[in-house]
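Engineer: All the letters of the sequence shown, read from the start, carry residue numbers 8 to 238 under my numbering.
Have a look at this one.
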Amino acid sequence: MHNFKLNRELAQLAIHQRIELCSPILKRLRKIFGRYLFSTFLSKYLINPNEISKKYYNLMEKELLLIEKYFVHNSKVLSIGSGIGGVEVLLNKKFNTHISLIEKNYVSKKIKYGWDEKNQEAYNNINLLEKFLINNGVEKKNINLFDFDKDKLPNDKFDVIISLYSLDYHYDFEIYKDYLLKVLKPDSILILDTVRPGYFNEIFNKIDVIKEDVDTVHKSKRIACRNLKFK
Ligand SMILES: C[S@@+](CC[C@H](N)C(=O)[O-])C[C@H]1O[C@@H](n2cnc3c(N)ncnc32)[C@H](O)[C@@H]1O
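Shown next, in the form of structure tokens:
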């Protein structure tokens, strides 16, 4: 398999979550017609779902290569802001992970990328996310889905928590800090992309830098943190 099974709705979500999947023409049209028309119409009808599927699959394979050393067979994983869940599918396939996913269940009408002080921007649909995972081979018993705005979040301890281009990339780590204190074990690993890596040196004892995006749309560092300094 070198692509994912996804329909037009899911391809549109993938574009919102990974703007690098957007063709240069579509990016120009976004500039010309504005965020509302882009978010609601252009990103849905001016795309080729098969092409997006292949590009998204390649991107997720690269993400897997970067983070796979932190997983073992049967790792218990939490993904915060998973998007439609491409890397989660690949992790499940390779390591038989059980994955809990926390997401928001709406798409902003005028999507604004970048840091979101109020954490109001969202671009997902939890039913479609579930469909994507199942259609791409993840068994239902291996996933639990949570709506950040409505559900009680899972209270288990996780081996690895990932948040690619979500927590502390778009919104403040403080929103999840107390929750993470409950679900991280001392040896759990938290992998995230952050726009302020220095902050994590203060609250974790051990940090590996996985990658640094300097010249891309995702200006940030991906870090793996261990051993939160419990208060
Ligand atoms: C840039 S996308 C990244 C998606 C995916 N992790 C990836 O790497 O392709 C950010 C995601 O975070 C989600 N999000 C926003 N606020 C959130 C919150 N408080 N909790 C969980 N997810 C959130 C958005 O809906 C969106 O799907």
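We put the beta carbon where it would ideally sit given N, CA and C, even for glycine.
Report yes or no: do the stretch 32-42 and the stretch 129-149 share at least 3 C-beta pairs separated by less than 8 Å?
Structural biologist: No: the two stretches stay apart, fewer than three of their Cβ pairs being nearer than 8 Å.
Engineer: According to DSSP, is I91 helix, strand or coil?
Structural biologist: Residue 91 sits at position 84 when you count from the first residue of the sequence shown. DSSP places I91 in coil when its eight states are reduced to three.
Engineer: Determine the contact status of K83 and F165, defining contact as a CB-CB distance below 8 Å.
Structural biologist: The sequence position of residue 83 within the sequence shown is 76, counting from 1. The sequence position of residue 165 within the sequence shown is 158, counting from 1. It is a contact, given that the beta carbons lie within the stated cut-off.
Engineer: Within the chosen definition, does the stretch 68-78 reach the stretch 44-54 through at least 3 CB pairs nearer than 8 Å?
Structural biologist: Because the criterion of three Cβ pairs below 8 Å is not met, the stretch 68-78 and the stretch 44-54 do not touch.
Engineer: For Y178, which residues from the same chain have a beta carbon less than 7 Å from its beta carbon, with the 5 sequence-adjacent residues on both sides left out?
Structural biologist: Here residue 178 refers to the residue found at position 171 when the sequence shown is read from its first residue. These residues qualify, in order along the chain: D123 and N126.
Engineer: Compute the Euclidean distance between the alpha carbons of Q326 and Y172, then round it to the nearest angstrom.
Structural biologist: Residue numbering for the chain in the displayed model covers 8 to 238; residue 326 lies beyond these limits and cannot be assessed.
Engineer: I'd like to confirm the pairing. Which residues does DSSP put opposite K228 in its beta bridges?
Structural biologist: Residue numbering aside, residue 228 sits at position 221 when the sequence shown is read from its first letter. K228 is bridged to T201 and E219.
Engineer: Rounded to whole angstroms, how far is the Cβ of I168 from the Cβ of L235, which I believe are closer than 8 Å?
Structural biologist: As a first step, residue 168 is located in the sequence shown; it is residue number 161 there, counting from the start. As a first step, residue 235 is located in the sequence shown; it is residue number 228 there, counting from the start. At roughly 11 Å, the Cβ-Cβ gap does not stay under 8 Å, so I168 and L235 are not in contact.
Engineer: Is the beta carbon of I74 less than 8 Å from the beta carbon of I217?
Structural biologist: By one-based count along the sequence shown, residue 74 stands at place 67. By one-based count along the sequence shown, residue 217 stands at place 210. Yes, they are a contact pair.
Engineer: Considering only the beta carbon of each residue, do Y77 and N10 sit closer than 8 Å?
Structural biologist: Residue numbering aside, residue 77 sits at position 70 when the sequence shown is read from its first letter. Residue numbering aside, residue 10 sits at position 3 when the sequence shown is read from its first letter. Not a contact, by the Cβ cut-off of 8 Å.
Engineer: Which residue or residues does DSSP assign as beta-bridge partners of Y183?
Structural biologist: Position 176 of the sequence shown, counted from the start, is the residue given in the question as residue 183. Answer is none; Y183 lacks a bridge partner.
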